[in-house]
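Trainee: So in the numbering used here, the last one in the sequence shown is 935, and the numbering has no gaps at all.
We treat Cβ as the ideally placed atom computed from N, Cα and C, and that holds for glycine.
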Amino acid sequence: MMPATADEPAPGTENRSGTRPAGDPPDPEATSPTAERQLRAHDNNRVYQAAGDQYIYHRHAPAPAAVSNTLPRDTAAFTGRDQELRTLLDTVAELADQARMIPVHAIDGMPGIGKSALAIHAGHLLGHRFPAGQFFIDLHAHSPGRGPVRPTDALDALLSADGVDPTQIPADLDSRAALWRGRMAGKKALLILDNAAGRWQVEPLLPGAAGCLVLITSRRRLTGLGARHGAVTLPLNTLSPDRAAALFASMAARPMTGTEADAVGELVRLCGFLPLAICLLAAKLRPERHWLVADLVRDLTLAKHRLAEMHAEDVAVAAAFDLSYRLLPAGRRRFFRRLSLHPGPDLDMYAAAALDGISPAGAQRQLDALYHDNLLDQPVRGRYRMHDLIGDYARTRADSDPAGDRNRALVRMLDHYQHGAQTANHHLSRPGHQQPPIPAGSLATLPGLHSRQQALAWMDAERNNLSACATLLSAGREHPRTIALAAAMATYLRIAGPWDLAISLHEAAVTAAGRTGDRRALASALYELGIIHCSTGDYGSATEALHRALELHQQLDQGREVADTLTQLASVRWRSGDHRGAARDLKRALGLYEDQRNLYGQANALNELGVVQHMADDHPTAVHTQRRALAIHIDLDDPQGHADTLNRFGAGQRLTGEYPPAIEAHERALAIYRELGNRFGQARALNFLSAALIETGEYAAAEHVLTRALEIHRDLGYRQGQANALNYLGIVHRHTGDYAAAEQALARALALYRALGSRPGQADALNQVGALRRLTGDRQAAARAHDEALTIFRQIGDRLGQAEVLNGVGQLLLADDRPAQALDRHRQALQLARRAQNPRAEAHSIEGIGRCALRLGNRAEAAEKLGQAQGIYQRIGALRAARTAAELAAGTTTDGRRRGCVGRPEPWSTPHGCDVPAAPGGHE
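(1) Between the beta-carbon of Q2 and the beta-carbon of T636, is there less than 8 Å?
(2) Please report the Cβ distance between A208 and A152, rounded to the nearest whole angstrom; I am assuming they are in contact, meaning their Cβ atoms lie under 8 Å.
(3) Take the Cβ of M112 as the centre, count every other Cβ of all protein chains shown within 10 Å, and call the residue buried at 16 or more, exposed below.
(4) Just the Cα atoms here: how many angstroms apart are A200 and A107?
(5) To the nearest whole angstrom, what separates the beta carbons of L877 and E853, a pair I think is in contact under 8 Å?
(6) Look at the alpha carbon of G888 and the alpha carbon of C863, and state the distance between them as a whole number of angstroms.
(7) Mark R665 as exposed unless 16 or more other C-beta atoms lie within 10 angstroms of its C-beta, in which case mark it buried.
(8) Confirm, please, whether the CB-CB distance from H724 to A713 is below 8 Å.
(9) In this structure, does DSSP put I860 in helix, strand or coil?
(10) Looking at the unbroken beta strand (DSSP E) that takes in A117, where does it start and where does it end?
(11) Report yes if the CB atom of V225 is closer than 8 Å to the CB atom of L202, and no otherwise.
(12) Hey, quick one: how far does the alpha helix (DSSP H) through R526 stretch, first residue to last?
(13) Measuring straight from C-alpha to C-alpha, what distance separates N248 and A466?
(14) If we ignore side chains and look at the alpha-carbon of each, how far apart do L278 and L786 end up?
(15) Could you tell me whether the stretch 262–276 touches the stretch 228–235, where touching means 3 or more Cβ pairs closer than 8 Å?
(16) Got a sec: is the Cβ-Cβ distance from H438 to anything in chain B below 8 Å?
(17) Alpha carbon to alpha carbon, how far is L250 from L92? Give it in angstroms, no decimals.
(18) Could you check what DSSP says for R394 in three-state terms: helix, strand or coil?
(19) Take A532 as the anchor and find which of H517, G120, F660 has the nearest alpha-carbon.
(20) Put T312 into one of helix, strand or coil per three-state DSSP.
(21) Quick check: the Cα distance between W211 and M321, rounded to an integer number of angstroms?
(22) Around the C-beta of L303, are 16 or more other C-beta atoms found within 10 angstroms, so that it is buried, or is it exposed?
(23) Find the nearest neighbour of R423 within the set A362, R345, A472, judged by alpha-carbon distance.
(24) Excluding five sequence neighbours on each side, which residues of the same chain lie with their C-beta closer than 7 Å to the C-beta of P114?
(25) Would the stretch 813–826 count as touching the stretch 768–785 if we require 3 or more Cβ pairs under 8 Å?
(26) Who are the near neighbours of I506 in its chain, counting only those whose CB is closer than 8 Å to its CB and skipping five residues on each side?
(27) Check whether the Cβ atoms of R317 and L258 sit closer than 8 Å, and answer yes or no.
(28) Thinking just about the alpha-carbon of each residue, which of N475, D789, G368 is nearest to the one in A2?
(29) If you reduce the DSSP assignment to three classes, tell me which class T98 lands in.
(30) Taking the beta carbon of H90 as the centre, do at least 16 other beta carbons fall within 10 Å, making it buried, or is it exposed?
(31) With distances taken Cα to Cα, identify the nearest neighbour of R829 among Q839, F804, L867, D798.
(32) Note down, in chain order, each residue of its chain lying with its Cβ closer than 7 Å to the Cβ of R683, except the 5 sequence neighbours on either side.
(33) Compute the Euclidean distance between the alpha carbons of A104 and R265, then round it to the nearest angstrom.
(34) The alpha helix (DSSP H) that contains S769, what's its start and end?
(35) Helix, strand or coil for I203 per DSSP?
(36) Between the C-alpha atoms of R300 and Y764, what's the straight-line distance to the nearest angstrom?
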């Protein structure tokens, strides 16, 4: 429930929504008397001007409401609120100059955020616009030892300050409010109502005059004033890091440079960028000229509770929080303490309900109330978080609760997240895959998780919380829970990442399973760990984990799991260059799947086998194999498998020069991945699509696609994908003439390939560097890069890679006016290209032969070869290359008048491999 009047409880009333969980004892803080620390204001205090004038003192007799037509003292040290102040000043000035109604301004924020300081500073800057008086009154909503000022008493003080004879002030509230409005009619006055409790308290004090400005400060969000009076709300958040550092330097009155400036940055972070905390620590540092900021940082870092260090004399941040906390109803105080047990960055009403053992509706009411009290933030609708220091304060309060109560709350919360993750996993896992059962009779209540889209949305929102729960479980040696949570998150982390989280989670599950002696759980955790290591390009770790998993599955006689692990091992093998080993594992896996009549497994193994066959340049067999896989996936209504096979099928079509069908296949796969919410699949499809677009000369489209692919790869932590995308970008920039950008992209790609140990990737990137160096005139560097690339391609047996490098070397030799040697390289490249059955490389070779013939004066041969190359280019859709070949062919009949084309030909070198193989040299 979030009514418009949530900010207006009358004095003495409480909203006690939420009930105590069964078995919980009464709230000890509701029954145990505790001495309260007190706060009061001093107009002449410097801390007041920046942080709210808060002091601690012992309980004393309440004083009558005080008011003055002179504002409290301002300070020259005011800083950090320039944007909010400028917005307020400009709005008021504009309306005042136009003689229009000036709205009420309600400034709200958490304790210590600087609400009073902003209102008073603005009052001093605007005072000249309100000659009828500047009134300030503290309404004591959060003052120790006394309740909020009653509206009747506040009006009595205001009327007296405005010169009304006390004997003439009416006794009842309505009459006093009417008299106050009458006296303000037609006047221009400023009224600051500080520390307000709610609409019920300030509404009778509002003057009716259009020319009056009212500034209200409150720890509560005064939504009721906005609904009834159109009040403008000015919520204050914590300071930005730069402004927080400037406030500290100003209050400490010393320059902050070098290492001191770095220490200040860390200090204000530890202060949660809260002005009161910053000012208190600056006040401690200011008189101690020999102290360093690093000393304060060390004290805060080592302290069990940071709040204990945030005080100066009798002023403390904890005291400011105390005042808000003690005004909460007993049930809400318990709820507040329970929230501090949550290990993640934010939570929703369902997790909050689990922590407190109440209904989600009851939890929502409590969350809304704490949000309106500015003890919680709501960065995204429906999700709540505590400021760091408020969380620290709440945890100190929770420490006084019985350990059994805290443990029961944590168990309920962990049950909630486990139940949610396993429910989501059922929607995200592919058909035919085993899934851990959803625990029956869970205590947790979940939002509706009835579809894949809802499951993805829930996992996206809760990923960081689930990670925090996993850390909590691992630290507490909760081995069965650690294993179960890792298994429930495995599918999501594969497709959405981040993979560094997946690795740490599965490693924790491996450790937990090893300690419990659960071999089945250990094998499953190793299998998942191997998949993620393969995805990140760590093939050595992937092989080790999968071999261990395979051995355990074989010992346990788990036929399906053995076949699954063999399929994954094959995927690692062909990415590492072991094509024969990959084919052997896949044939063995296929046999096991066929024995089990497991069609899903057969389709996956066939898809992988098609990749290996493409790499062996057996493209017709590969196409037949992948068509079988595609048919099975379609029959089984397996969209994930359908998209995977389409993606690889399209990459195979690109290798055989079928560019339009390849583009269509990648776009269809991309659409399916987007519908499934599979970011990993999307990124791979985008890389594949860009390669086909490059081949057809659609460079602008390729660059757009690659920018998006690179973004997803970085989010996932997929370095192989990043390297491939950067390599493609280098090719695009080279073709469009942006050589500086091309050099940068290729250098980054090469560094990543080397870090990954991807020899095919290194070779292809080096070949691209060679092509670029030739165009920039550095022929010696070009020759070195081509030679290094050729050596690697020969060592790994990549015929297509060798052909592309030899064509590049031929271009380089022709540029050096060595056509006979260039011709030899192009002829070698032609043989390799035909064995690899790659028409683009074949056309490159034939065009190179034609260029050399033209340079050697053999015009008839040149025309014949260039015409052949043009025909191949046109057939496969490489239209830009076809135009170049046609122009050269025409030039052979003009007595050499177009021979300038020969000296600077189109750079042919293109990415030749890609997951089928469709990534540049490396593999997706």
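Mentor: Straight from the coordinates:
(1) Since the first residue shown for the chain is 12 and the last is 935, residue 2 is missing from the structure and cannot be characterised.
(2) Here residue 208 refers to the residue found at position 197 of the sequence shown. Here residue 152 refers to the residue found at position 141 of the sequence shown. Between A152 and A208 the Cβ distance is about 4 Å, and since that is below 8 Å, they are a contact.
(3) The residue labelled residue 112 in the question sits at position 101 within the sequence shown. Around the beta-carbon of M112, fewer than 16 other beta-carbon atoms lie within 10 Å, marking it exposed.
(4) Residue numbering aside, residue 200 sits at position 189 when the sequence shown is read from its first letter. Residue numbering aside, residue 107 sits at position 96 when the sequence shown is read from its first letter. The alpha-carbon of A200 is positioned some 12 Å away from that of A107.
(5) Walking along the sequence shown from the start, residue 877 turns up at place 866. Walking along the sequence shown from the start, residue 853 turns up at place 842. Contact doesn't hold; Cβ gap of about 14 Å is too wide.
(6) Residue mapping note: residue 888 aligns to position 877 of the sequence shown, counting from 1. Residue mapping note: residue 863 aligns to position 852 of the sequence shown, counting from 1. Whole-angstrom Cα-Cα distance: 24 Å.
(7) As a first step, residue 665 must be located in the sequence shown, where it is residue number 654. The C-beta of R665 has 16 or more other C-beta atoms within 10 Å across all chains shown, which makes the residue buried.
(8) As a position in the sequence shown, residue 713 is number 702, starting the count at 1. As a position in the sequence shown, residue 724 is number 713, starting the count at 1. Not closer than 8 Å, so no.
(9) Here residue 860 corresponds to residue number 849 of the sequence shown, with the count starting at 1. In this structure, I860 counts as helix in the three-state DSSP scheme.
(10) Against the sequence shown, residue 117 aligns to sequence position 106. Segment 116–119, the beta strand (DSSP E) holding A117.
(11) For this step, residue 225 is matched to residue 214 along the sequence shown. For this step, residue 202 is matched to residue 191 along the sequence shown. Result yes, Cβ atoms of V225 and L202 sit closer than 8 Å.
(12) As a working note, residue 526 is residue 515 in the sequence shown. Note, R526: alpha helix (DSSP H), 510–527.
(13) Along the sequence shown, read from residue 1 onward, the residue named residue 248 stands at position 237. Along the sequence shown, read from residue 1 onward, the residue named residue 466 stands at position 455. So the alpha carbons of these two residues sit roughly 33 Å apart.
(14) Against the sequence shown, residue 278 aligns to sequence position 267. Against the sequence shown, residue 786 aligns to sequence position 775. Note on geometry: alpha-carbon atoms of L278 and L786 lie some 52 Å from one another.
(15) When Cβ pairs closer than 8 Å are counted between the two stretches, the stretch 262–276 is seen not to touch the stretch 228–235, the count staying below three.
(16) This model lacks chain B altogether, as it is built from one protein chain only.
(17) By one-based count along the sequence shown, residue 92 stands at place 81. By one-based count along the sequence shown, residue 250 stands at place 239. Rather than Leu, the amino acid found at residue 92 in this sequence is Arg. Each residue's alpha carbon lies about 8 Å from the other.
(18) Here the question's residue 394 lines up with position 383 in the sequence shown. It is a strand residue.
(19) Locating residue 532 in the sequence shown gives position 521, where the first residue counts as 1. Nearest option by C-alpha distance: H517.
(20) Counting from 1 along the sequence shown, the entry for residue 312 is found at position 301. Correct three-state label for T312: helix.
(21) Residue mapping note: residue 211 aligns to position 200 of the sequence shown, counting from 1. Residue mapping note: residue 321 aligns to position 310 of the sequence shown, counting from 1. Taking the straight line joining both Cα atoms gives about 34 Å.
(22) By one-based count along the sequence shown, residue 303 stands at place 292. Of the residues assessed, L303 falls on the exposed side of the cut-off, its CB having fewer than 16 other CB atoms within 10 angstroms.
(23) Looking up residue 423 in the sequence shown gives position 412. The shortest Cα separation from R423 among A362, R345, A472 belongs to A362.
(24) Position 103 of the sequence shown, counted from the start, is the residue given in the question as residue 114. Excluding sequence neighbours, P114 sits near G241, A242, V243.
(25) As far as the Cβ criterion goes, the stretch 813–826 touches the stretch 768–785, which means the pair count is three or higher.
(26) Here the question's residue 506 lines up with position 495 in the sequence shown. Short of 8 Å from the beta carbon of I506, and not among the five residues preceding or following it, lie these beta carbons of its own chain, in chain order: L439, L687, G688, N689, R690, F691, G692.
(27) Numbered from its first residue, the sequence shown carries residue 317 at position 306. Numbered from its first residue, the sequence shown carries residue 258 at position 247. Result no, Cβ atoms of R317 and L258 do not sit closer than 8 Å.
(28) Nothing about residue 2 can be reported from this structure: the residues present for the chain run from 12 to 935 only.
(29) Here residue 98 is taken as the residue at index 87 of the sequence shown, counted from 1. Three-state DSSP puts T98 in a helix.
(30) Translated into positions along the sequence shown, residue 90 becomes position 79. In the sequence as presented, His is not what sits at residue 90; that position holds Thr. Buried.
(31) For the purposes of this step, residue 829 is taken as the residue at position 818 of the sequence shown. Among Q839, F804, L867, D798, the Cα nearest to that of R829 belongs to L867.
(32) For the purposes of this step, residue 683 is identified with residue 672 of the sequence shown, where counting begins at 1. Note on identity: in this sequence residue 683 is Ile, with Arg being the wrong assignment. Cβ neighbours of I683 within its own chain (closer than 7 Å, five residues either side excluded): P650, H653, A654.
(33) Residue numbering aside, residue 104 sits at position 93 when the sequence shown is read from its first letter. Residue numbering aside, residue 265 sits at position 254 when the sequence shown is read from its first letter. The C-alpha of R265 is placed about 35 Å away from the C-alpha of A104.
(34) Taking the first residue of the sequence shown as position 1, residue 769 is located at position 758. S769 -> no alpha helix (DSSP H), and no H or E assigned at all.
(35) Indexing the sequence shown from 1 puts residue 203 at position 192. I203: strand per DSSP, three-state reduction.
(36) The residue labelled residue 300 in the question sits at position 289 within the sequence shown. The residue labelled residue 764 in the question sits at position 753 within the sequence shown. The alpha-carbon atoms of R300 and Y764 are separated by roughly 53 Å.
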